[in-house]
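*Asks:* Before I ask anything, here is the structure I am working with.
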Amino acid sequence: MTAAIQLMQTPNERRRRALPVMVVLSVTILVLAVLAALFGNLLYPDAMKQDILSGLLPAGSPGYPLGTDELGRDILAMTVAGAASALVGPVCVAIGSMILGVLLGTLAGYERGWLDFVVSRWTDLLLALPVLLAAIVVSGVLGGGYWITVVLLILLFSPSDIRIVRAGVLEQTARPYIEAARMLSLSRWRVMFRHILPNVSTLVLTNVMLNVAFALVAFSSLSFLGVGVTPGTADWGRQLTDNRAIMFDNPAAVLVPALLIILVASAVNLVGDWAGQRLAQVGDPA
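Have a look at this one:
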């Protein structure tokens, strides 16, 4: 009965069923955020320009839809231009940590033995470290900086990726098609990365999306604490710490970047969860 109803549905009805409203809204938010990250500096090349005479204008002032801060900087311009700093780092962290996760997790799960022992102990050591505290301490020792923070977060985020990929590889290794590949004398590299890895791609994609959200929050927190980016940089996290003193003079200076961090992180989570479910359904023979 259910199959007959599905066949009777028009393509548009099935498409609406496949794309929930929250997913559509999340994709819209992410597209706008990506466009701001790509073209924000072109739209507002002087986003950090100061004009003391226009300081502390409230939201809705002529020429300043979101008002200005105490130095007369346009909040809208800083927010749009700051999208690049706020998003590029977290995306690099998510991709970089997953690359380490795929390489080490696949090797550990397939080869086992001493390699698995060494990788597992390494992940245990990193997982025992508080991510933000470790990043603050190491960045403080090295002098901080945007890309230093990115590298640190890649290392600190990689243990969870390694464990997830390793678990998926272990589950696939016990399946008959792997035994058949071994009987055909295929190289271990071909078995790992041509046969096993595509079957754990759903885990990889879902975890990358989740890591983007976690890295966005972590990066914004570090920027708020003065570690992630240098003063005078357009960045959502930096806006929070620079403008908290004028919260009651111009609430938009703090609320807008804070809401954007929450909205983008939530949108990434929703889209990642939906994409993971869809890929799992596609891969399910049932």
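Everything in the sequence shown is counted per the working numbering, starting at 1261 for the first residue and increasing by one. For each residue, glycine too, the CB sits at the ideal point set by N, CA and C.
1. What did DSSP end up calling W1534 once you bin it into helix, strand or coil?
2. Determine the burial state of Y1437: buried for a count of at least 16 other Cβ atoms within 10 Å of its Cβ, exposed for fewer.
3. Here's the rule I'm using: 16 or more other beta-carbon atoms within 10 Å means buried, otherwise exposed. How should S1461 be labelled?
4. Assuming A1346 and L1430 form a contact by the criterion Cβ under 8 Å, report the distance between their Cβ atoms to the nearest whole angstrom.
5. Which residues mark the beginning and the end of the alpha helix (DSSP H) in which D1384 is found?
6. DSSP on Y1370, reduced to helix/strand/coil?
7. Enumerate in chain order the residues of its own chain whose CB-to-CB distance from A1319 is below 8 Å, with the five nearest sequence positions on each side excluded.
8. Rounded C-beta distance between V1464 and V1425? I'm assuming under 8 Å.
9. Which partner residues of Y1557 appear in the DSSP bridge assignment?
10. In three-state DSSP terms, what is S1321?
11. Cβ of T1339 within 9 Å of Cβ of V1524?
12. Is there contact between the stretch 1347-1357 and the stretch 1293-1311, where contact requires at least three CB pairs shorter than 8 Å?
13. By alpha-carbon positions, which one of R1333, P1280, V1514, L1290 ends up nearest to P1305?
14. Under three-state DSSP, which class holds T1493?
*Replies:* Taking the structure as given:
1. Helix, per DSSP.
2. Classification of Y1437: exposed, given that the 10 Å Cβ count is below 16.
3. In this structure S1461 is exposed. Its beta-carbon is surrounded by fewer than 16 other beta-carbon atoms within 10 angstroms.
4. The beta carbons of A1346 and L1430 sit about 36 Å from each other, so the pair does not count as a contact at 8 Å.
5. Taken as a continuous stretch (DSSP letters only), the alpha helix (DSSP H) holding D1384 covers 1373-1387.
6. Correct three-state label for Y1370: helix.
7. Result list for A1319: P1325, L1326, G1327, I1335, N1510, P1511, A1512, in chain order.
8. Contact check for V1464 and V1425: beta-carbon distance about 7 Å, within the 8 Å limit, so the pair qualifies.
9. This structure leaves residue 1557 out entirely; the chain is present only between 1261 and 1546.
10. Three-state DSSP puts S1321 in a strand.
11. Not in contact: T1339 and V1524 (Cβ atoms no closer than 9 Å).
12. Note that the stretch 1347-1357 touches the stretch 1293-1311; at least 3 beta-carbon pairs, one per stretch, sit closer than 8 Å.
13. It is R1333 whose Cα lies nearest to the Cα of P1305.
14. The answer is coil: DSSP assigns T1493 none of H, G, I, E or B.
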